[in-house]
Amino acid sequence: VMVNPDLENLNKSDLDLFLAGTEEKICMIEAGANEVSDEMMLEAIEQGHQVIGEVCRLIKRMRNEIGKEKFSYESKKAPADLLGLVSERYFDRMKEAVLSADKSVRDRAVSALAAEIKLFINEEHEELAAFTSEVIDALEKQVVRHYLLNEQRRVDGRSLEDIRELKAEIDLFPRVHGSALFSRGQTQVMTICTLGTVDDAQRLDGVDTQDSKRYMHQYNFPAYSVGEARPNRSPGRREIGHGALAERALIPVLPSLDEFPYTIRCVAEVTMSNGSTSQASVCSSSLALMAAGVPVKKPVAGISSGLIIDPEDTDRYLVFMDIQGIEDFFGDMDFKVAGTRDGITAVQVDIKVDGLTIDMIRDAFELTRKGRLRILDQAMDPVIAQARTELSPYAPKIDQIDIPSDKIRDVIGTGGKVIRKIVELTGAQIDVEEEGSLGHVYIASTDTEARKKAMEIIRAIVFDPEPGTVFDGIVTRLMTFGAFVEIAPGKEGLVHISKMSWQRVNKVEDVLSVGDHVKVVVSEIDDQGRLNLSMRDLMKKPEGYVEREETRSGGRSDRRPDGQRGGSRNYRNSGDRGGDRVSRDGSRGSYSRGNSERREKRDGEDSGGQKGEPRKGRHF
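Just remember that the working numbering sits 1 ahead of the position in the sequence shown, which is counted from 1.
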């Protein structure tokens, strides 16, 4: 365990733990981890708290030496006499009102009693009417906490370690890539998982850095989930925070880009809320990812535990599992833990007291581990225990081919001409990323034939085809001695007039026209790397056919003295890649249509881009 690590060590670490506290207690915990054990997490918290104690003692010394006298303020509270009077008169009835497993039934009963208490205060103690709401909340809190501490039962009848009824379901919607619904009592979250191409990754622009994010987790908490009617607005602190927590919990089990070249987005919609929706969103999103075919390493589950401390004896406390809304509101802690069977992936702790002792934290970890395993065993694994091997038919399928980085220019073409032509011919989406000496080409389409065709074209551009390889080409030019056929954008070969048919061809125009689609086979590659193609080798040879003498001799009187064949055969397209070229320092970059028309030249090179500049996205 390393306390206060630098960025280099933090990036290599399996644990990122942030603590705040006093000399005696822990006040806040926030952590992300790669399946760190509960014991290791607790050890890290203990070591961190020791350092916090040293800092607190230093602050105390500074305060004693240079501190100023603090301003004191006493807030105005409801009179104790009024609290005692209302408690004595309505305690038992409030207990009857809150003891219900159904949130809506409980809320109606409490509201009816609150109206009666309000009427009593207005009639009997009108001068104290301003404290009515505070007194009602204090009475409800007193009842809930007293029942837990003394009866060791929950308001819905559960014991301290009971979890509400668990339900899970996948494939709610046929057209989405993955979907799941997870319910824990009256807390219910639905997650939709969508797969996209590499270029769909979220771009993050910093002051001096550019980065991308290929897993995005959004959390939405609509008003109807708590029975309210109000306009839906932009995400607030709650939505952003809960989404970030669930995202952090799931990232450690996601596959790498090389293993799964997709951008992944999960949107968790809270459809019903009664406590711990953030951890329910972890469960539903884990299910949706597996249903979508994302090869996650292991399923992830999340659960919260709560805390009640006796105000008269702080050594007397209770830690309980799976808190609901009323326990979160009137309790002292919301201890959220997410992880797999083998370890923790995320922790977040909110408290309303002056801190937690190590014993309290140890009890919470022990309880949440039991709950995590119970959710996996009883709810999630019976529905789907591991990722599907096949993606949804509506999700884009992505094929990958790695090419030498110096061949990227051939695939992109001048101004993006070549790659746009491939997209036009196939309908597939193509992304190119450079990493060191390799270029990663991703071909995405729901159509298998489109991906296959795009792959064949790119292979033909980048790699010299072997003799015997068959292509569907397009006639681009007619000469007296033959026709040039484009077998891939920017790559041509010659079909000599003698190779067009087994019958004698007097004029090329008798057989071919510019724009004709023809099937050709590579017959040979000459010593200058030029492709010689044949149409007739794909036709059935007539019986008794005799090769003409001039054809057998293999001579070609139609070649020009300079070795050219009546026109440029610059099928290798040695021009610019059609976009910014970046330094090959080992970091990833990508190519997108948006910047394909913009060229920047580096001194001494025509590939563009200043050395060391961040790579621009290239997508077609």
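By construction, the Cβ of each residue, glycine as well, lies at the ideal position given by its N, Cα and C atoms.
Host beta strand (DSSP E) of residue i (start-end)
{"i": "D314", "result": "314-322"}
{"i": "L361", "result": "The residue asked about is misnamed: residue 361 is Met in this sequence, not Leu. No beta strand (DSSP E) holds M361; the alpha helix (DSSP H) holding it covers 359-376."}
{"i": "S213", "result": "211-214"}
{"i": "N35", "result": "27-37"}
{"i": "S406", "result": "No beta strand (DSSP E) contains S406, which DSSP labels as neither H nor E."}
{"i": "D206", "result": "203-206"}
{"i": "Q349", "result": "345-352"}
{"i": "G294", "result": "Run containing G294: none; DSSP gives neither H nor E here."}
Enclosing alpha helix (DSSP H) for residue i [first to last residue]
{"i": "L150", "result": "Premise fails: L150 is in no alpha helix (DSSP H) and is neither H nor E."}
{"i": "L83", "result": "81-99"}
{"i": "R238", "result": "238-251"}
{"i": "K418", "result": "418-427"}
{"i": "T449", "result": "449-463"}
{"i": "L258", "result": "First-last for L258: undefined, no H or E at that position."}
{"i": "G326", "result": "326-331"}
Those residues which DSSP pairs with residue i across a bridge
{"i": "V476", "result": "V486"}
{"i": "M217", "result": "R266"}
{"i": "T192", "result": "A181, A269"}
{"i": "I1", "result": "The chain is shown only over 2 to 621; residue 1 falls outside these bounds and no answer can be derived."}
{"i": "Q430", "result": "A445"}
{"i": "A302", "result": "G340"}
{"i": "G197", "result": "T264"}
Three-way DSSP call (helix, strand, coil) for residue i in this model
{"i": "E115", "result": "For the record, residue 115 in the displayed sequence is Ala; it is not Glu. A115 falls in the helix class under three-state DSSP."}
{"i": "K13", "result": "helix"}
{"i": "R185", "result": "strand"}
{"i": "K337", "result": "strand"}
{"i": "A130", "result": "helix"}
{"i": "S160", "result": "coil"}
{"i": "A21", "result": "strand"}
{"i": "V693", "result": "The chain is shown from 2 up to 621; residue 693 falls before or after that span and cannot be answered."}
{"i": "Y443", "result": "strand"}
{"i": "V496", "result": "strand"}
{"i": "I309", "result": "strand"}
{"i": "K398", "result": "strand"}
{"i": "Q48", "result": "helix"}
{"i": "S502", "result": "coil"}
{"i": "V583", "result": "In this prediction, V583 has a pLDDT of 37, which is less than 50 and means its spatial position is unreliable; what the coordinates show is noted afterwards. Three-state result, V583: coil."}
{"i": "S235", "result": "coil"}
{"i": "K69", "result": "coil"}
{"i": "S282", "result": "helix"}
{"i": "F222", "result": "coil"}
{"i": "S274", "result": "coil"}
{"i": "D414", "result": "Just to set this straight, residue 414 is Gly in the shown sequence, not Asp. Of the three classes helix, strand and coil, the one that applies to G414 here is coil, per DSSP."}
{"i": "V384", "result": "coil"}
{"i": "L59", "result": "helix"}
{"i": "M42", "result": "helix"}
{"i": "L290", "result": "helix"}
{"i": "R566", "result": "Caution applies to R566, whose pLDDT of 41 falls short of 50 and renders its modelled position unreliable; the value that the coordinates give is listed next. It is coil, neither helix nor strand."}
{"i": "L140", "result": "helix"}
Close Cβ partners of residue i (< 7 Å) along its chain, the five nearest in sequence each way excluded
{"i": "T358", "result": "K26"}
{"i": "Q48", "result": "V2, V4"}
{"i": "L377", "result": "P300, A302, R342"}
{"i": "V496", "result": "G483, A484, V486, V521, L534, S535, M536"}
Contacting residues, own chain, Cβ-Cβ under 6 Å from residue i (five flanking each side not counted)
{"i": "D201", "result": "T264"}
{"i": "I352", "result": "M334"}
{"i": "F132", "result": "A79"}
{"i": "L392", "result": "G294"}
{"i": "T1", "result": "Residue coverage of the chain in this structure runs from 2 to 621, which leaves residue 1 outside it and unanswerable."}
Chain-order list of residues whose beta-carbon lies under 8 Å from that of residue i (same chain, five-residue window excluded)
{"i": "R165", "result": "D157, R159, R185, G186, Q187, T188, D323, Q325"}
{"i": "G356", "result": "G22, T23, E25, K26, I27, C28"}
{"i": "V227", "result": "S274"}
{"i": "L205", "result": "Q211, D212, S213, K214"}
{"i": "Y395", "result": "R176, V177, H178, T447"}
Residue i: CB within 7 Å of a non-hydrogen atom of the ligand PLP
{"i": "V350", "result": "Judged by which ligands are present, the structure shown has none, so any question about the ligand PLP falls away."}
Proximity test, Cβ basis, 8 Å: residue i and chain B
{"i": "E240", "result": "Protein chain content of the structure displayed is limited to a single chain, and chain B is not contained in it."}
Of all the alpha helix (DSSP H) runs that stay within the bounds of the region 506-557, which reach a length of 4 or more residues? 550-553
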